[in-house]
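Numbering (this note's numbering), first residue to last: 392 to 806.
Virtual Cβ for every residue (Gly too), placed ideally from N, Cα, C.
On a predicted model such as this, the values are computed, not experimentally measured, just so you know.
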Ligand code: AMP
Ligand code: MG
């Protein structure tokens, strides 16, 4: 048949257009800081105190007044002895430092009023019954962690639109936050299309009928969605029939922000996604100038967004990472969704430049360069397992060994 040829859209244009449709979700939840990893902050988090709350020692040693040490060294140069008048452990505030004395102090303990430096115990000699000999003149402020040097009272510690990390949970806890306001999870309905698809476990490998394949997309798409923090309704496989596709979409649109499908977005006769979505709402079929991953669809079914990914597994995988992921992050209110790349040297040759922008599956090697997986076909999922990222290769660009290329690590874009 003569499928209509659609003009190719650049990835940047497609992404900009897609993000334009991604209105941020409204709902806010208060979740335990324990459970907030990878969630997106719905409001700025402001500190009600200094961290650390007061000046404290960063060493085990002695809190001193530098002028007193200097005087002791002048009076008795051979000895410089000062008596120990108190002992301050972490968690217990000391008394003001008595003149011409030192305080035994431990890491994290508050600096007593009047002290202006800590001498680490390795630089002191304890004289039995006589006090402490400071071996070297301390510099004012040494080994003191200043109040507020991490966080000052009133400061915005974490910002709205920021995605929380394990370190941010720790920081939130350090200012006393046991609950955090986060954007509600996007609700995503996922289904696969294709009469050739069989679920692993439903039919044993040796009993697969000719033409059947296992549904692999469902597994990685579900996992990618979960890692992003979505609530996933996995609706299984929809048969290649218009009525079944319409029914599945209609049901899914009720309770979801996004309906995500894989397969059936080419313009073949068995591709029912387009007429089904159009009968319920609106749909644009895009041919995006990327490889793998050309066909892509965006539309609306009632109040839900609709995104149709290509069926070929690597195409599905790559289009998810470069388009669906930023789309979902934008729904969640993430401010910066740009994919960051690193310039690394290619340790391979890529002679067959394509007119589309390519995402080549590569792996970092011990020599600091990138190796290329031997088969870059859009059906070869092994490439995405072997690889630890992709090279984002400009249209028409060949690559020679030593060329600096744009590497996007999977670790960056898979959570
Ligand atoms: P389609 O986009 O439906 O034309 O599918 C393109 C190719 O991807 C065909 O070879 C399909 O068999 C394959 N495919 C589609 N969906 C899946 C899936 N869920 N898992 C594995 N392969 C798939
Ligand atoms: Mg199909």
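For residue 616, same chain residues with a beta-carbon under 7 Å away, outside a window of 5 residues either side, are 579, 581 and 623 in chain order. Closest option to residue 749, judged by alpha-carbon separation, among 738, 789, 776 and 397: 789. The closest heavy atom of the ligand AMP lies 6 Å or more from the beta carbon of residue 660. Here residue 446 has 501, 502, 535, 536, 537 and 538 as same chain residues with Cβ atoms under 8 Å from its own Cβ, once five neighbours each way along the sequence are excluded. Residue pairing by DSSP places residue 515 opposite 525 in a beta bridge. Taking 6 Å as the cut-off, one finds no heavy atom of the ligand AMP near enough to the beta carbon of residue 766.
Between the ligand MG and residue 684, a heavy atom-to-CB distance of less than 6 Å is absent. The Cβ atoms of residue 712 and residue 663 lie no closer than 7 Å to each other. Distance from the CA atom of residue 777 to the CA atom of residue 621, rounded to whole angstroms, is 26 Å.
When DSSP states are grouped into helix, strand and coil, residue 451 belongs to the coil group. With respect to the C-alpha of residue 675, the residue from 546, 697 and 709 having the closest C-alpha is 697. Taking C-beta atoms under 8 Å as the contact rule, residue 586 and residue 557 fail to qualify, at a distance of about 44 Å.
Within the same chain, Cβ atoms closer than 7 Å to the Cβ of residue 740 are found at 790, 791 and 792, the five residues on either side in sequence being excluded.
Going by beta carbons, residue 452 and residue 528 fall outside the 7 Å limit.
In this structure, the ligand AMP has a non-hydrogen atom nearer than 6 Å to the beta-carbon of residue 583. Judged by beta-carbon spacing, residue 427 lies within the 7 Å limit of residue 555, meaning their Cβ atoms are closer than that value.
The continuous beta strand (DSSP E) containing residue 800 extends over residues 795-800. Within the same chain, Cβ atoms closer than 8 Å to the Cβ of residue 462 are found at 491, the five residues on either side in sequence being excluded. In the three-state scheme derived from DSSP, where H, G and I count as helix and E and B as strand, residue 547 is classed as strand. When DSSP states are grouped into helix, strand and coil, residue 784 belongs to the strand group.
A Cβ-Cβ separation of about 15 Å leaves residue 715 out of contact with residue 683 under the 8 Å criterion.
Secondary structure at residue 534: coil, using DSSP grouped into helix, strand and coil. Exclusion of residue 770 from the 6 Å shell around the ligand MG follows from its C-beta lying no nearer than that to any non-hydrogen atom of the ligand. Rounded to whole angstroms, residue 550 and residue 421 show a C-alpha spacing of 15 Å. Scanning its chain for C-beta atoms nearer than 7 Å, with the 5 sequence neighbours on each side dropped, one finds around residue 412 the residues 689 and 696, in chain order. Residue 572 sits in a strand when the DSSP states are folded into three classes. Residue 541 has its alpha-carbon roughly 50 Å from the corresponding atom of residue 654.
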